[in-house]
Amino acid sequence: MTARKFKIGQSVRLRSTVQTRQAEAGEYRIVSQLRQTDGSIRYRVRSSADEQYEMVVKESELLSSASPGWAAT
Numbered sequence: 291m292t293a294r295k296f297k298i299g300q301s302v303r304l305r306s307t308v309q310t311r312q313a314e315a316g317e318y319r320i321v322s323q324l325r326q327t328d329g330s331i332r333y334r335v336r337s338s339a340d341e342q343y344e345m346v347v348k349e350s351e352l353l354s355s356a357s358p359g360w361a362a363t
């Protein structure tokens with residue numbers, strides 16, 4: 291089993307490639323860790339700006355707040 295990079299409750303941002311597919315830019319929070327499918331670790335994330343907006347993303351589509359790619363908007 292592959293180790294996960296993110297924990298439930300952690301703040302993350304979407305990589306720019308995800309933002310172009312109609313996801314809002316901004317901060318998200320990890321709400322749950324999902325089963326690994328097709329070799330990809332997935333998470334359910336919730337927008338910090340709109341607590342009702344949730345989506346499922348691959349681990350590779352996320353940046354942690356401590357990441358050098360983090361840019362506050």
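Numbering of the sequence shown is given in the working numbering, commencing with residue 291 and proceeding in unit increments. The C-beta atom is built at its ideal place from N, Cα and C for all residues, glycine as well. Predicted model, so just to flag it, every value in this text is computed and none were measured.
Considering only the beta carbon of each residue, do serine 232 and arginine 319 sit closer than 8 Å? This structure gives no information on residue 232, because the portion of the chain shown stretches from 291 to 363.
Going residue by residue through the stretch 311 to 358, where are the continuous beta strand (DSSP E) segments of at least 3 residues, counting only ones entirely within it? Whole beta strand (DSSP E) segments, 3+ residues: 317 to 327, 330 to 337, 344 to 348, 352 to 354.
Report yes if the C-beta of tyrosine 343 is less than 7 Å from at least one heavy atom of the ligand PLP; otherwise report no. Looking for the ligand PLP in the displayed structure turns up nothing, as the structure carries no ligands at all.
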